[in-house]
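Counting in my numbering, the sequence shown tops out at residue 512, every number present.
Presented below is the structure to which this report refers.
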Amino acid sequence: MKIALFPGDGIGPEIMEQARRVLAKLDLPGLVVFEGDVGGIAYKRHGHPLPQETLDMAKAADGVLFGAVGDPACDNLERHLRPEQAILGLRSHLGLFANLRPATMFAGLEDMSALKPEVAREIDVLIVRELNGDVYFGEKGMRTTKSGEREGYDIMSYAESEVRRIAQTAFRAARGRKGRLCSVDKANVLETSQLWRDVIVDVSADYPDVALSHMYVDNAAMQLVRNPGQFDVIVTGNLFGDILSDQASMCVGSIGLLASAALGERQTDYGTFGMYEPIHGSAPDIAGQGKANPMAMILSLAMLLRHSLGREADALRVEKAVAQALEDGVLGADLGGTAGTAEIGNAVLEQL
Ligand code: NAD
Ligand code: IPM
Ligand code: MN
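Pasting the structure below:
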């Protein structure tokens, strides 16, 4: 088994350190671990946010664990050299089109949610976010209008086949859960969304056991805080999924808790090749202070164990250890507590 660790920028290396300790504790037989540079640090060391050797390392692995990228010092670089291109490049070069972002309440955290405890308690949603298309990967640029103004543009589009494959992922996921799928779009305004909705309806014919509904994204953002318990699986495009998943994290309690898996079609000897990352970023405002919550990173490792290494029992063990630490009141500053990054790591290791 081969995995690649890409710590990246800001809090990325701090939280990756805790994931590394968890890995060491699990002591998986035959596991080989590589490490590579991504993001701002890769730009500084190699002149590119996603060096060829990092990409090759990812391709040679069964799974990739990704910290976070983003550095305010790089925000004025040409776009193709910015740290964020590392994550976008990996997702597209590796064909990782299906992003699973689960948001589930943890026992004992109900009072830490931004929502009322009785509302927060009900949240158990899987956001299936399309990850290779949409306005993220369309033609973009700056141009000058006839009147001489600068104009920025980004083309939003989805091809039928792109919607079909993410729909299949989402219907299958719903089948394995409570059997409800809500497709989120903006079909009242966008042609991209009309196509999205038509294809989702088409694919639903193959999943008569799944109850399909549709919701406009503005309403979905509202419903997610009004009554998140109504959702089982949400399927949506790249941009809407990005936004709704950050919002869902605060329904649970903190962005420092939400993990994600980016999966494609490639199978390895042990499961599906994928890249795993917390949904949050490099958090420059707290980087270097030992304050970051490493739980989203550790839970991302659990997803890697499950999906790419076929180690379900180890994945459950790690998830239980995190849940128990939370139940025992080991809370970082993001959850109103005082535990630092290493202390949270210690608590998880103790549980293991
Ligand atoms: P962010 O997610 O980095 O931070 C948002 C807020 O949440 C900040 O106040 C931060 O301190 C807090 N936060 C995030 N993770 C935390 C954790 N584990 N523990 C405690 N608090 C945490 O989003 P941002 O500030 O909009 O972006 C910062 C940089 O990260 C930007 O360069 C952005 O492009 C990048 N980014 C990268 C990724 C990624 O690598 N996957 C994701 C999102 C943003
Ligand atoms: C995420 C991030 C990325 C995204 C950025 C860093 C490109 O916000 O993974 O949620 O927008 O997909
Ligand atoms: Mn995001």
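All C-beta atoms, glycine included, are put in the ideal place defined by N, C-alpha and C.
As the structure is a prediction and not an experimental result, all values here were calculated from the model.
L256 places its beta carbon less than 8 Å from that of A422.
Here Q178 is buried, its C-beta having at least 16 other C-beta atoms within 10 Å. DSSP places C411 inside the alpha helix (DSSP H), whose first and last residues are N398 to V412. Scanning S321, S307 and D294 for the CA closest to the CA of D314 turns up D294. With respect to G172, G227 sits close: the two C-beta atoms are nearer than 8 Å. The stretch 430-448 and the stretch 390-400 do not touch, with fewer than three beta-carbon pairs separated by less than 8 Å. Residues whose Cβ lies closer than 5 Å to any heavy atom of the ligand IPM, listed in chain order: E244 and D402. Apart from the 5 residues on each side of it in sequence, A380 sits with its Cβ closer than 6 Å to the Cβ of V344 in its chain, given in chain order. In this structure, V359 places its C-beta atom within 8 Å of the C-beta atom of E320. Bounds of any beta strand (DSSP E) do not take in H440, whose DSSP letter is neither H nor E. Ranking A475, G470, G448 and K451 by CA distance to the CA of L461 puts A475 first. According to the DSSP assignment, M455 belongs to the alpha helix (DSSP H) that extends over M455 to H467. The three-state reading of DSSP puts E487 in helix, counting H, G and I together.
Around the CB of H467, 16 or more other CB atoms lie within 10 Å, so the residue is classed as buried. When DSSP assignments are scanned along the stretch 175-221, the uninterrupted stretches of beta strand (DSSP E) that are 3 or more residues long and fall wholly within it turn out to be 192-195. Partner residues in the beta bridge of M435, as assigned by DSSP, are V224 and A422. The criterion of a C-beta distance shorter than 8 Å is satisfied by L384 and A408.
Boundaries of the alpha helix (DSSP H) around H253: E244 to H253.
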